[in-house]
Amino acid sequence: MSILSGKNILLGITAGIAAYKTASLVRLFIKAGAQVKVVMTPNSKDFITPLTLSTLSKNPVFSSFTNEEDDNAMWNNHVELGLWADLFVIAPATANTMSKMSNGNSDNLLLATYLSAKCPVYFAPAMDLDMYKHESTKVSFETLQSFGNVMIPATSGELASGLVGEGRMAEPEDIVTFIENDILDKLPLKGKKVLITAGPTYEAIDPVRFIGNHSSGKMGFEIAKASANLGAEVILITGPTHQNVTHSLINIIAVTSAEEMYQHVHNYFDNVDVAILSAAVADFKPKEVALQKIKKKSDTLNIELERTKDILASLGASKKHQFLVGFALETNNELENAKQKLKKKNLNLIVLNSLQDKGAGFKGDTNKVTFIDNKNTVTEFQLKSKAEVAEDLLNEIVKQIHA
Ligand code: CTP
Numbered sequence: 018m019s020i021l022s023g024k025n026i027l028l029g030i031t032a033g034i035a036a037y038k039t040a041s042l043v044r045l046f047i048k049a050g051a052q053v054k055v056v057m058t059p060n061s062k063d064f065i066t067p068l069t070l071s072t073l074s075k076n077p078v079f080s081s082f083t084n085e086e087d088d089n090a091m092w093n094n095h096v097e098l099g100l101w102a103d104l105f106v107i108a109p110a111t112a113n114t115m116s117k118m119s120n121g122n123s124d125n126l127l128l129a130t131y132l133s134a135k136c137p138v139y140f141a142p143a144m145d146l147d148m149y150k151h152e153s154t155k156v157s158f159e160t161l162q163s164f165g166n167v168m169i170p171a172t173s174g175e176l177a178s179g180l181v182g183e184g185r186m187a188e189p190e191d192i193v194t195f196i197e198n199d200i201l202d203k204l205p206l207k208g209k210k211v212l213i214t215a216g217p218t219y220e221a222i223d224p225v226r227f228i229g230n231h232s233s234g235k236m237g238f239e240i241a242k243a244s245a246n247l248g249a250e251v252i253l254i255t256g257p258t259h260q261n262v263t264h265s266l267i268n269i270i271a272v273t274s275a276e277e278m279y280q281h282v283h284n285y286f287d288n289v290d291v292a293i294l295s296a297a298v299a300d301f302k303p304k305e306v307a308l309q310k311i312k313k314k315s316d317t318l319n320i321e322l323e324r325t326k327d328i329l330a331s332l333g334a335s336k337k338h339q340f341l342v343g344f345a346l347e348t349n350n351e352l353e354n355a356k357q358k359l360k361k362k363n364l365n366l367i368v369l370n371s372l373q374d375k376g377a378g379f380k381g382d383t384n385k386v387t388f389i390d391n392k393n394t395v396t397e398f399q400l401k402s403k404a405e406v407a408e409d410l411l412n413e414i415v416k417q418i419h420a
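Below you can see the structure in the form of structure tokens.
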């Protein structure tokens, strides 16, 4: 799945011959799963028609402050367009438009939109050889980059003038790859490894029975997705669940018992940067596992249980550089219990869910959590979907590890 999937991309087209290639660019963005809107300078309509672009983008194309042809002329709101966009890509970017962007001119809709956009802006220059080399063009490149805009350099080749040299707009495929790589490189957990536990554990009584719990694994899987979406390489060690996820950055390891989970977690822990233990690990397991199915010979049956290893506590005891996060599910005296757990298990952060809160906990799609860190900062959240809770948690971790 492309990192552009689900993103709103505003494509700005200016008046260069390379504008004809933007039909392919729109298609590639859409193929990557993005929504596309197009804003054009008036002169760029000489090179490609708004009809082509609106058909491909499945959205109206904007090129002036009002729709003059329309009897009920409407104001095209450049602020709204700028706010809609997750990314603004100006391709081709002519020397004229870049110079105006550098100087804050806003005499067309594209320029006004650029000035009001808060999202990352990419620009792909295209012009003739000597224009590309001109000192004033170089100043535009430098000024625009100093404003935080990202330049997608032009390539060398035959130009519309017949001259050969630098100035050809990057090919649409290369523009898409460039933007994807740029976004991936800037993700806050790029290069970090995150270990996550999820789901219940099953502790065998005999070959057909076990002691388990109602954990769905959903919270842990959402945390895995949120981590991967921020660029982390994820090791997800999960007990038996019906959850599934396919993501190139998530490596799933399926386990059954607390002991198995313990072994796998310790295999990876030394080499990770963050460990988030959201699994509902059984605290006890049968002392003896019957080799044959237990028959109902008597009215009662006693199974002697013994403690499982506390995985989280064992990590807390051996942690070095790792940022360690645990969960606490409490029914009473919640905050106090969670703070004690944080300290006892040597955690950086604990996520408390109280069973007194409706919609919180194990099974459902929602959760209501409170974060407590090792500086005793308590942050309480509203009831949210587990996906949103996972995002909040990852944002907090990013904030703390980069602090
Ligand atoms: N945990 C673990 N290994 C265990 C038990 C728990 O790694 N054998 C982790 C859970 O994944 C969770 C945290 O410990 O992150 C809290 O678990 P919880 O069962 O609420 O707390 P306990 O410390 O077991 O204390 P108690 O059961 O007494 O509340």
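Position one of the sequence shown corresponds to residue 18 (my numbering), numbered consecutively onward. Ideal Cβ placement from N, Cα and C applies to all residues, glycine included. Quantities reported herein were computed from a predicted structural model and do not represent experimental measurements.
Of all alpha-carbon atoms in Ile47, Leu201, Ala177 and Asn84, the one lying nearest the alpha-carbon of Ser22 is that of Ile47. Inclusion of Ile196 and Val106 in the CB contact set at 8 Å is warranted, their separation being smaller than that value.
Setting aside the 5 residues that flank it on each side, Lys38 is surrounded in the same chain by Pro189, each with a C-beta closer than 6 Å to its C-beta; the list follows chain order. The continuous alpha helix (DSSP H) containing Phe158 extends over residues Glu152 to Ser163.
Around the beta-carbon of Ala141, 16 or more other beta-carbon atoms lie within 10 Å, marking it buried. With respect to the 8 Å criterion, Val386 and Asn365 are not classified as neighbours on the basis of their beta carbons.
Asp390 has its CB no nearer than 7 Å to any heavy atom of ligand 1. The closest heavy atom of ligand 1 lies less than 7 Å from the beta carbon of Gly343. Beta-carbon to beta-carbon, Ser233 and Lys380 are separated by about 5 Å, close enough to satisfy the 8 Å threshold. Annotation for Ala292: the continuous beta strand (DSSP E) segment containing it runs Val291 to Leu294. Here the alpha carbons of Lys210 and Ser153 stand approximately 45 Å from one another. Distances from the CA of Asn288 to each of Gly208, Arg226 and Ala241 were compared; the closest alpha carbon is that of Gly208.
Looking at the DSSP output, Trp92 shares a beta bridge with Thr83.
Residue side-chain check: Thr114 keeps its Cβ at 7 Å or more from all non-hydrogen atoms of ligand 1. For the pair Phe388 and Val395, the Cα-to-Cα distance works out to about 6 Å. Taking 7 Å as the cut-off, the C-beta of Lys356 does not count as close to any heavy atom of ligand 1.
Unbroken alpha helix (DSSP H) runs of no fewer than 4 residues, entirely contained in the stretch 207-261, are found at 235-246, following chain order. In the DSSP assignment, Tyr285 falls within the alpha helix (DSSP H) that extends over Ala275 to Phe286.
Beta-bridge partners of Pro303 (DSSP): Leu322.
Where Val56 is concerned, the enclosing beta strand (DSSP E) starts and stops at Gln52 to Met57. The C-beta separation of Ala40 from Leu73 comes to about 6 Å, placing the pair in contact by the 8 Å criterion. DSSP lists no beta-bridge partner residue for Thr130. Non-local C-beta neighbours of Ala275 in its own chain, meaning closer than 6 Å and more than five positions away in sequence, comprise Thr218, Val298, Ala299 and Thr325, ordered along the chain. Counting the other Cβ atoms within 10 Å of the Cβ of Ile252 gives 16 or more, which makes it buried. When the Cα atoms are used, Tyr279 and Thr255 turn out to be separated by approximately 11 Å. Beta-bridge analysis with DSSP links Glu347 to Ser371. Glu188: not part of any alpha helix (DSSP H); DSSP gives it neither H nor E. According to the DSSP assignment, Gly333 belongs to the alpha helix (DSSP H) that extends over Ile328 to Ser335. Counting along the chain, the unbroken beta strand (DSSP E) around Asn268 starts and ends at Ile267 to Ala271.
The shortest CA-to-CA distance from Ile414 to any of Gly216, Leu206 and Lys401 is the one to Leu206.
In the three-state scheme derived from DSSP, where H, G and I count as helix and E and B as strand, Ala355 is classed as helix. For Ile328, the number of other beta carbons within 10 angstroms of its own is at least 16, and it is reported as buried. By the beta-carbon neighbour count (other beta carbons within 10 angstroms, threshold 16), Asn125 is buried. For a cut-off of 8 Å, the C-beta gap from Gly33 to Met144 is around 7 Å, short enough to register as a contact. Ranked by how close their Cα comes to the Cα of Val282, the residues Glu97, His338, Ala215 and Leu204 have Ala215 in first place. By the Cβ criterion, the stretch 90-101 is in contact with the stretch 119-139, since at least three pairs of Cβ atoms, one from each stretch, lie closer than 8 Å.
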